[in-house]
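**Student:**
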Amino acid sequence: MAAGMPLSFCGDKVPSAYGINDGVLNNGCFVDALNLVPHVFLLFITFPILFIGWGSQSSKVQIHHNTWLHFPGHNMRWILTFLLLFVHVCEFAEGIVSNTTMTSNHLHLFMPAFMGFIAATTSVVYYHNIETSNFPKLLLVLFIYWVLAFITKSIKLWKFAEFGIRFKYLRFCITALLVILYGLLMAVEINVIRVRKYVFFTNPQKVKPPEDLQDLGVRFLQPFVNLLSKATYWWMNPLIIGAHKRPIELKKIGKLPIAMRALTNYLRLKDAYEDQRTGEDPDRAPSIWRSMYRAFGRPILLSSTFRYLADLLGFAGPLCIYGIVRNLDDENNNTSANKNMENHFRVYFMYTTELLENSSVLAVLLFLALVLQRTFLQASYYVTIETGINLRGALLAMIYNKILRLSTSNMSMGEMTLGQINNLVAIETNQLMWFLFLCPNLWAMPVQIVMGVILLYNFLSWSALVGASVIVLLAPVQYLIATKLAETQKSALEHSTDRLKQTTEILKGIKLLKLYAWEDIFCDSVEQTRSKELTSLRTFAFYTSMSIFMNAAIPIAAVLATFGVHHFLTSSIPSPSQAFAALALFHILVTPLFLLSTVVRFAVKALVSVQKLGEFLQSDEIGDDSWRNGDISVSLDVGKKHLGMTKAINRKQPIRYQMDNYEQPSRRAMRPTETEDVAVKVSNGSFTWGNNQLTLSDINIRIPTGQLTMIVGQVGCGKSSLLLAMLGEMQAIDGRVYWSNKNRNSVAYAAQKSWLLNATVEDNITFGSPFNKQRYKAVIDACSLQPDIDLLPFGDQTEIGERGINLSGGQRQRICVARALYQNTNIVFLDDPFSALDIHLSDHLMQEGILKFLQDDKRTLVLVTHKLQYLIHADWIIAMKDGSVLREGTLKDIQTHDTELYDHWKTLMNRQDQELEKDIQQDSQTTLERKTLRRAFYSREPKNQMDDEDEEEEEEEEDDDNFSTTTSRRSKIPWKLCGCYLSSGGFFMVFLMVSSKLLKHSVIVAIDYCLALWTSTNQTAENLQNRTAANQTAAFLQNGTGSINSTDISPQPEQDVYYLHVFFVLCAAGITLCFITSLSVEFLGLSAATNLHHNLLNKIIHAPIRFFDVTPLGQILNRFSADTNIIDQHIPPTLESLTRSTLLCLSAIGVIASITPAFLVALVPLAVAFYFIQKYFRVASKDLQDLDDSTQLPLLCHFSETAEGLTTIRAFRHEARFKQRMLELTDTNNTAYLFLSAANRWLEVRTDYLGAVIVLTVAVASIWSGRPGGGLVGLGLTYALTITNYLNWVVRNLADLEVQMAAVKKVNSFLGTESENYEGSMDASQVPENWPHDGEIKIHDLCVRYDPMLKPVLKHVNAYIKPGQKVGICGRTGSGKSSLSLAFFNMVDIFEGRIVIDGIDICKLPLQTLRSRLSIILQDPVLFSGSIRFNLDPERMCTDDRLWEALEIAQLKNMVKSLPGGLDAVVTEGGENFSVGQRQLFCLARAFVRKSSILIMDEATASIDMATENILQKVVMTAFADRTVVTIAHRVHTILTADLVIVMKRGNILEYDTPDTLLEQEDGMFASFVKADM
């Protein structure tokens, strides 16, 4: 045994193999054995250490310990080790191949290489463990290993050189490479010793982990992990696999690393931007492009380098296919080659070129090249995405800082609208980010195209250029299509905005539409707009399908052109190796050309975006000459420099307190002339809003400290401007504003137009100040907000603001005043706080809030108001007129000095007092507001105030406790939804799509198969001739075209022509089928979208009124906006892409399996791996996508909020707090987006490696199995190469489709709602034409409820109303008055009893008939946008005279006559261009137009002033003398003249008689009502 083993190590034929007669080192076998020593040494030492180390891992420092990389030369070492591994593989391969050529086994040729491979792997594992556990002393082992390996390899190299073995031999090259690599690794190791001084030095260097790793909140580890983990995203495994068990939340993704935070990047970009402002030309605008390049240029260059490497490696595919197929063919033909026996050291030496002629070696090389190419490509993507995200964060911060400094005039004069700012934030920054993502393509693509064309030329000479030119010429067409797509998308967007506007109006006025039976008219108008939208969507679909068609058809066309031309030029066909290499090259070439059109489009968009951004950054800023001199941006940066320090403080209080110490120096020292009792003083000031017209001129005022100053004057005389001028918002042309030196933080300011944050009520009031319960309660009482807060579903924790609950104007204004009162500031500015309040509230606010609360604190208060009756409370009055001060002084001064003004005021005050009395008679506006609030909430109770989007989560939450169900649900693909989607597309379209898809893919396979057969038959024929006519060929090759295997005697000309024809027919069929499929998918999507929207609209418009009470409006609108948009535009392309890539992969697998059946065995484990990868990824991707969406909204809202409330924020001086919030929101959104893109890379790396393994197995299987013809092998490999591209698309599209199908699910959930029963049990034709002719109403034992689940609201009501009677119904709120009026229209569930009108039970009537024959006037006036005529009579039934008559009755005739267009005058959305009273009168006119014998008025006069109301009462009495009128009264005196009064309580009738009879019962309910009302 012992004797047998060594014999084979050195080869056993020559006995002297073990002899050392020529000297020890001259025996090659001994030198190789020597080379084994270092490897074995390393393995023996490191294994015990590794095992012990793994046992005691717990002793490590508490950081993300497994990622702390701190030894110098870290990446260098990983790269060198990878190279070393590769060279070892080559050495091993060379040894094995050499070994096979010799008669006996020479283990020493490849054994050391194998051991070297294992040792190198061990070294890197060992190094990684030592680095993460921080034991540098153990690195000595590696140092010794590198030295030993270097020495032994050098000996080998020296011996080779001595024997004259030089570079033409492969083994010499490999050994030389190894020597260099070992030397470099040795140098890296020495460098670690030099820097860290861990051995041979007395004091080793202490290291601390970076800040990010100490902070366990940072979960994004990409920058900190080792090279292998970076390349494969290994660190994301726990996150992605964990997502399967429980959803990823914001907590799980943690914070951004410091280098990626918006602040860091903002400072980088800002420095680059400001550096360009040079001394000699300060006005020139700095270039944004240059600053972007300076701040983010390096990562882009890095990414481009990766991209170039990947692209060059990409060409390895076709080259290796060429090599493999050619070798196989050669081996098939000349098997017995006489190999020259080169003998040094008694062993065989290979030539360097020889290795590349071995197919197995080529297969492994192809595998490695693919893996590397994919790794580089993903690395390039990742780097650009990270940079893009950094850039976006920086730009957002830059825009935000600019917004905070925008001059007010810019905003109010409309130079910078909110819309523009929102676009900058939402669109332009994203455009630039996307441009960065696609940026490396701009310079990588041309190189790729040029390289590809050169290679093609080498394979197929001129005919290849024809094919390439086909591809290149069609690229501009692609670009054209792309621009057309953008245009049609724009027009579709315009129509969909119109449609949304109409839908919103319908939903807001749905109650009216139902009561008037107008649903269908409005429904049709929406359908008309929708059909316009669908027309543009159709063009959109057509262009999309064109672009998909080009994508699929161009390669076919190119191949056809190439081989056709080749056949005509040389009248022969290329060999299989050339044909398939060319085919693979065409596949590579198509991609950049398609992307090119996209990239060019994005580049153009980016240019526009940058121009807009530049204009914005150059717009006017607020002046710095006022007291707000402390430049906040500086102090913010200073504050941020000590981030570590401020962090602790920040949590307790906003930064601005720390900022004060930076700002004090900038406030001027006090002048001796100023005394303490003046808070603010303006001396001869002139101010403008920046349009060169003076708004305020010649202002000299003082505001006494601790007193109440009032500013009064007519509308538009500059009162608000004066406040803003004092706050430094206006441009001072002349004069100064002096602030007293009391160091106050800010001014509390309540603007005229109330401004709320998207936050809870409490946050809106405290506004960043610490919460103090007593003070908070006092403020709320002063502003009488408590009743309003009690109505909100979550009290003062309810979200209000844009996304929150809509409050009325008065409620919003009171919250703003409360905010100003709550702040602990010395000075309070209130700008017309009473404008939206009714009289009771204003009085209360004046007494409690202003006189008590503020005066007790001795705060200085400036109040702008119109209510002159409060002047008596003022300590100081400033009267203004036309932009200058008319008078200044106390009320006494003015009374004595300016009697005229005083008298004028007096008359005004009297008038106001009269209004006051009138006001008191009315039920105040506030109660109304509260009533609407209450209606809004309490109708929703049963649903338990669920949030907008929660309803889909319902079923998921029910079984949350047992984990398995949620897990399985989260990973399932929603097949049911897909089925529902497809079925709404229509059976025929689905059938067409499926059949054409399958046909298309079979034809494409047939094309390639035909090519394989054709080239192969030719090849075999040629080979036969080659044997006989080799000399002919040689002669031909010397003077021929240079095409490698062509011969002048075409073997079977007729067969060639036959193949050419078949080929042509197949290609043509393929191209037509491409066209049909691309159209069929897009139009399937369109018909599905059409049907879904149509059904949704009809379902919702015909739903019972209860549905609208329970479902929030926003949620319904979402179905019509976001979800419809997804169904219209996003699902079809995703579906197309998914089916295409899946079928491509399947057809490829089928082809490969039919060529090499052995591949099926390897397919099983690959399929399992793929299944798990996609399963985990889909779940994680969905969560991350949700996170990205949900974090984006608050960010956009924060921007628009800030832009709206600029003056308030600046007056309070909360800029820093808002900046901080913006940075947090940006970082949160960026974290989500980063994780999402990293997850995509995770998936792509994995699927790409799977694809590479598939290619390897195919190559190996076809080489080792029974050698199918070269053509077929080429076919198999080409297909395997395409799989790698499409595998990750399958998963990505699956994940996208899953997210998008949620939209179908939401729409579907609404399609299940019950419609109202429109039919009734009678036919419409049975109802008499003029019914109801008398207007007699019998109510018999009526019970009504809103929903079968709820308690009845009317219980056993009986009443009889004679024809023509005027009936009044009264009762407290909630007594069922309105429910009774709804019962007449069958709008509520009548479950017992009946209402009989003129002898017909209304429950039997079709709803349309019933509702169109009665008329009602509702409490809330609803007008629709359109013309006056449309609002009065949408059905177009009446003559103009009838309309004018109705308007005359409603006291509107004169007003409408004066409008331009008369009856066709425009009504804006919601009737905003008329006052509330006028709107109510229009609603009356609407009821008069419909000449019904029964009129129901539901609290219809609540918002009309007394005078008009009296007129109306009379009109109703005269115009409706002969009709039945039921009035639901809200002020009892309106029904004193009625014939019959019904008093209701809790759904029962309490009193039922004439008003006079009821008034006699003194203790009766009605009597008490009348007393209260008098």
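Using my numbering, you'd call the opening residue of the sequence shown number 16 and step up by one each time.
The beta-carbon is built from N, C-alpha and C at its ideal position, and this holds for glycine as well.
Pick helix, strand or coil for Trp477, following the three-state DSSP scheme.
**Tutor:** Three-state result, Trp477: helix.
**Student:** Using the Cα positions of Asn1469 and Ala1582, report the straight-line distance between them to the nearest angstrom.
**Tutor:** One C-alpha to the other measures close to 40 Å.
**Student:** Am I right that Met365 and Leu622 are in contact with their C-beta atoms under 8 Å? What's the rounded C-beta distance?
**Tutor:** With a Cβ gap of about 56 Å, Met365 and Leu622 do not count as contacting.
**Student:** May I ask you to report which of helix, strand or coil DSSP gives Thr1533?
**Tutor:** In the structure shown, Thr1533 sits in a helix (DSSP, three-state: H, G or I).
**Student:** Would you kindly work out how many angstroms separate the C-alpha atoms of Val605 and Leu575, rounded to a whole number?
**Tutor:** Approximately 15 Å between the Cα atoms of the pair.
**Student:** I want to see whether chain C comes within less than 7 Å of Leu199, judged by CB atoms only; does it?
**Tutor:** Looking at the structure shown, chain C is missing, and only one protein chain is on hand.
**Student:** What residue range is occupied by the uninterrupted alpha helix (DSSP H) comprising Gly1129?
**Tutor:** Residues Leu1128 to Asn1133.
**Student:** So what does DSSP say about Phe1581, is it helix, strand or coil?
**Tutor:** Three-state result, Phe1581: helix.
**Student:** So what does DSSP say about Cys25, is it helix, strand or coil?
**Tutor:** If DSSP states are grouped into helix, strand and coil, Cys25 belongs with the helices.
**Student:** Fully enclosed by the region 1353-1426, which alpha helix (DSSP H) runs are 4 residues long or longer?
**Tutor:** Counting whole runs of 4 or more residues, the region 1353-1426 contains the alpha helix (DSSP H) stretches 1392-1399.
**Student:** Quick one: what's got a C-beta closer than 6 Å to Ala1317's C-beta in the same chain, skipping five residues either side?
**Tutor:** Contacts found: none.
**Student:** When the Cα of Arg322 is compared with those of Tyr1024, Val462 and Thr1222, which residue comes out closest?
**Tutor:** Of Tyr1024, Val462 and Thr1222, the residue nearest in Cα terms is Val462.
**Student:** Pull up the distance between the alpha-carbon of Glu1575 and that of Arg1501, whole angstroms please.
**Tutor:** When rounded, the distance between both Cα atoms is 38 Å.
**Student:** Less than 6 Å between C-beta atoms, sequence neighbours within five positions excluded: which residues of the same chain meet that for Ser318?
**Tutor:** The residues are Ser395, Val398, Thr399 and Pro455.
**Student:** By Cβ distance below 7 Å, which residues in the same chain neighbour Leu738 in space, the five residues on each side in sequence not counted?
**Tutor:** If we look at Leu738 and ignore the five residues flanking it on each side, its Cβ neighbours are Phe844, Asp846, Val877 and Val879.
**Student:** State buried or exposed for Asn787, treating a residue as buried only when at least 16 other CB atoms are found within 10 Å of its CB.
**Tutor:** Looking at its Cβ environment, which holds fewer than 16 other Cβ atoms inside 10 Å, Asn787 is exposed.
**Student:** Output yes or no for whether 7 Å exceeds the beta carbon distance between Leu1458 and Leu1447.
**Tutor:** In contact: Leu1458 and Leu1447 (Cβ atoms closer than 7 Å).
**Student:** How far does the alpha helix (DSSP H) with Ala1182 in it extend, from its first residue to its last?
**Tutor:** Residues Phe1174 to Glu1219.
**Student:** With DSSP collapsed to three states, give me the class of Trp754.
**Tutor:** Strand.
**Student:** Quick one: what does DSSP say Met1337 is sitting in, helix, strand or coil?
**Tutor:** If DSSP states are grouped into helix, strand and coil, Met1337 belongs with coil.
**Student:** Tell me which residue opens and which closes the alpha helix (DSSP H) that Pro570 is part of.
**Tutor:** Run containing Pro570: Glu534 to Thr585, per the alpha helix (DSSP H) assignment.
**Student:** Does the beta-carbon distance from Glu903 to Ile887 come in below 7 Å?
**Tutor:** No; because the gap between Cβ atoms is not below 7 Å, this pair is not in contact.
**Student:** Give the secondary structure of Pro719 by DSSP, where H, G and I count as helix, E and B as strand, and everything else as coil.
**Tutor:** Pro719: strand per DSSP, three-state reduction.
**Student:** Within 8 Å, do at least three Cβ pairs link the region 1294-1306 to the region 1253-1267?
**Tutor:** Flag = yes, the region 1253-1267 and the region 1294-1306 touch.
**Student:** Given a threshold of 16 other Cβ atoms within 10 Å of its Cβ, counted over all protein chains shown, does Lys183 qualify as buried or as exposed?
**Tutor:** Counting Cβ neighbours within 10 Å, Lys183 comes out exposed, since fewer than 16 surround it.
**Student:** Ile892 lies in the beta strand (DSSP E); which residues open and close that run?
**Tutor:** Where Ile892 is concerned, the enclosing beta strand (DSSP E) stretches over Trp891 to Lys896.
**Student:** Taking 8 Å as the threshold, find out whether the region 1468-1483 comes into contact with the region 1382-1401 through three or more Cβ pairs.
**Tutor:** Cβ pair count under 8 Å is below three, so no.
**Student:** Which of helix, strand or coil does DSSP assign to Arg902?
**Tutor:** Three-state DSSP puts Arg902 in a strand.
**Student:** Check for me: the alpha helix (DSSP H) holding Ala594 runs from which residue to which?
**Tutor:** Note, Ala594: alpha helix (DSSP H), Pro591 to Leu632.
**Student:** Is it buried or exposed, Trp173, if we count other Cβ atoms within 10 angstroms and call 16 or more buried?
**Tutor:** It counts as exposed.
**Student:** Could you tell me the distance, in whole angstroms, from the CA atom of Tyr953 to the CA atom of Thr1539?
**Tutor:** Per-residue confidence for Tyr953 stands at a pLDDT of 45, beneath the threshold of 50, marking its modelled position as unreliable; the derived number appears in the next sentence. Straight-line Cα distance between these residues: approximately 32 Å.
**Student:** Apply the 10 Å Cβ neighbour rule to His54 and answer buried if 16 or more other Cβ atoms are within range, or exposed otherwise.
**Tutor:** With 16 or more Cβ atoms within 10 Å of its Cβ, His54 is classed as buried.
**Student:** Distance check for Gln446 and Thr577, CA to CA, integer angstroms please.
**Tutor:** Approximately 39 Å, taken between the alpha carbons.
**Student:** Name the DSSP beta bridge partners of Tyr184, please?
**Tutor:** Tyr184 pairs with Tyr366.
**Student:** Which of helix, strand or coil does DSSP assign to Thr875?
**Tutor:** Note: Thr875 maps to strand in three-state DSSP.
**Student:** According to DSSP, is Val762 part of a helix, a strand, or is it coil?
**Tutor:** Strand, per DSSP.
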